[in-house]
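> So the sequences go chain by chain: C and U. full-length UniProt numbering numbers the first residue of the first sequence as 1 and each following residue consecutively. full-length UniProt numbering numbers the first residue of the second sequence as 1 and each following residue consecutively. This structure is in structure tokens; I'll ask about it shortly.
There are 2 protein chains.
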Amino acid sequence: MENELDHADCPVTATIALFGGRWKLLILYVLSRNTRRFGEIQVRIPAISKKVLTEQLRELEADGLISRKEYKELPPRVEYALTDFGKSLCPLLIDIAAWKRKNIG
Amino acid sequence: MENELDHADCPVTATIALFGGRWKLLILYVLSRNTRRFGEIQVRIPAISKKVLTEQLRELEADGLISRKEYKELPPRVEYALTDFGKSLCPLLIDIAAWKRKNIG
DNA sequence: AATAGTGGTAACCTAAAAGTGACTAATGGA
DNA sequence: TCCATTAGTCACTTTTAGGTTACCACTATT
Numbered sequence: 001m002e003n004e005l006d007h008a009d010c011p012v013t014a015t016i017a018l019f020g021g022r023w024k025l026l027i028l029y030v031l032s033r034n035t036r037r038f039g040e041i042q043v044r045i046p047a048i049s050k051k052v053l054t055e056q057l058r059e060l061e062a063d064g065l066i067s068r069k070e071y072k073e074l075p076p077r078v079e080y081a082l083t084d085f086g087k088s089l090c091p092l093l094i095d096i097a098a099w100k101r102k103n104i105g
Numbered sequence: 001m002e003n004e005l006d007h008a009d010c011p012v013t014a015t016i017a018l019f020g021g022r023w024k025l026l027i028l029y030v031l032s033r034n035t036r037r038f039g040e041i042q043v044r045i046p047a048i049s050k051k052v053l054t055e056q057l058r059e060l061e062a063d064g065l066i067s068r069k070e071y072k073e074l075p076p077r078v079e080y081a082l083t084d085f086g087k088s089l090c091p092l093l094i095d096i097a098a099w100k101r102k103n104i105g
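Structure below.
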């Protein structure tokens, strides 16, 4: 018989965990078009609160998908951008979207 | 400026919602190898409880990924199988796993 | 009369994620 | 003097997914 299975070992699970958060895909999409300041992201995703946006950005940063650059100015100025690793995700996301168009519409 | 973005419109979000549940990938994996009865799935994924297995199966069925065939016997006998739509997902999952191997290891 | 076998349900609990609203630091400008 | 600005934090509540345990129907077998 097959071995017992455990989802912790699943490479698909591990991969979608990178961008599976409630707002992460949208954030990645926004940053894929341009480096953006915190407030610029908020304007483009108005339904997200500051707290949650901060959390999602921190997680994306921790996973190496985006970078955070803080300029020591006042008022504060922080720029977020995709890292190379983050950019490497884009073709995969495009594949997923293409699968949807083909199989669901 | 770009339109406001809402994650409900995101094709990637819609797609991963199909298999993003806690145990769905594992269930799909099990069924990709063979049609299985409820109890056979349980044995292969021992960490999942009956209640949650039932829930996940119902959702997969509602999304059209698997089929449920009940034989009117006693004791009960129910067989779950991938639908064609469910099978169409496999190449995509393989792509995602391949991306992981290439970009993460 | 009791038990095993199968595919569930019902009632309840818990932890994590997400959401809300008020608040802050530090400066320039009116 | 007071406000605007920016990128947050803090304390709190709500929502949701998932988990636990007990129980059920119906028959064949012992």
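The beta-carbon is built from N, C-alpha and C at its ideal position, and this holds for glycine as well.
Between Tyr80/C and chain U, is there a C-beta pair that is closer than 9 Å?
What you label residue 80/C is simply residue 80 of the first sequence in a count that begins at 1. No, because no Cβ of chain U sits closer than 9 Å to the Cβ of Tyr80/C.
> Taking Leu60/C and Ile27/C to be in contact with their CB atoms under 8 Å, please state how far apart those CB atoms are, rounded to whole angstroms.
On the first sequence, residue 60/C is found 60 positions in, with the first residue counted as 1. On the first sequence, residue 27/C is found 27 positions in, with the first residue counted as 1. Right, their Cβ atoms sit about 7 Å apart.
> Chain U partners of Tyr29/C, CB-CB under 8 Å?
Reading the first sequence from its first residue, position 29 is the one you call residue 29/C. Those within 8 Å of Tyr29/C in chain U are Leu5, Cys10.
> With C-beta atoms as the reference, is Arg37/U less than 9 Å away from Arg44/U?
As a position in the second sequence, residue 37/U is number 37, starting the count at 1. As a position in the second sequence, residue 44/U is number 44, starting the count at 1. Against a cut-off of 9 Å, the Cβ pair of Arg44/U and Arg37/U comes out as no contact.
> With 16 as the cutoff for other CB atoms within 10 Å, does Gly64/U come out buried or exposed?
Taking the second sequence and counting its residues from 1, one reaches residue 64/U at position 64. Looking at its Cβ environment, which holds fewer than 16 other Cβ atoms inside 10 Å, Gly64/U is exposed.
> CB Asn103/U to CB Leu57/C, shorter than 9 Å?
Taking the first residue of the second sequence as position 1, residue 103/U is located at position 103. Taking the first residue of the first sequence as position 1, residue 57/C is located at position 57. Taking 9 Å as the Cβ cut-off, Asn103/U and Leu57/C do not qualify as a contacting pair.
> Give the residues of chain C in contact with Ala62/U, contact being defined as C-beta atoms less than 9 Å apart.
Numbered from its first residue, the second sequence carries residue 62/U at position 62. Ordered by position in chain C, no residue passes the 9 Å Cβ test against Ala62/U, which lies about 14 Å from the chain.
> Identify the contact partners of Thr83/U in chain C, using a Cβ-Cβ distance below 8 Å as the criterion.
Translated into positions along the second sequence, residue 83/U becomes position 83. Residues of chain C passing the Cβ test: none, with the nearest at roughly 12 Å.
> Taking the CB atoms as reference points, tell me whether Cys10/U and Tyr80/C lie closer together than 9 Å.
Counted from its first residue, the second sequence places residue 10/U at position 10. Counted from its first residue, the first sequence places residue 80/C at position 80. In this structure, Tyr80/C does not lie closer than 9 Å to Cys10/U by Cβ.
> Cutting at 7 Å between CB atoms, please list the residues of its own chain near Arg77/C, excluding the five before and the five after it.
For the purposes of this step, residue 77/C is taken as residue 77 along the first sequence, with counting starting at 1. Taken in chain order, the residues that qualify are Arg37, Tyr71.
> Name, going along the chain, the residues of the segment 87 to 98 of chain U whose beta-carbon falls closer than 7 Å to a beta-carbon of chain C.
For the segment 87 to 98 of chain U, which is checked against every Cβ of chain C, the residues closer than 7 Å are Ser88, Leu92, Leu93, Asp95, Ile96, Ala97.
> Measure the CB-CB distance between Ile96/C and Thr83/C and report whether it falls below 9 Å.
Start at 1 with the first residue of the first sequence, and residue 96/C comes out as number 96. Start at 1 with the first residue of the first sequence, and residue 83/C comes out as number 83. No, these two residues do not count as a Cβ contact at 9 Å.
> Using a Cβ-Cβ cut-off of 9 Å, state whether Thr15/C counts as contacting chain U.
Along the first sequence, read from residue 1 onward, the residue named residue 15/C stands at position 15. Interface residue, yes.
> What is the DSSP secondary structure of Lys72/C, reduced to helix, strand or coil?
Taking the first residue of the first sequence as position 1, residue 72/C is located at position 72. In the structure shown, Lys72/C sits in coil (DSSP, three-state: anything other than H, G, I, E or B).
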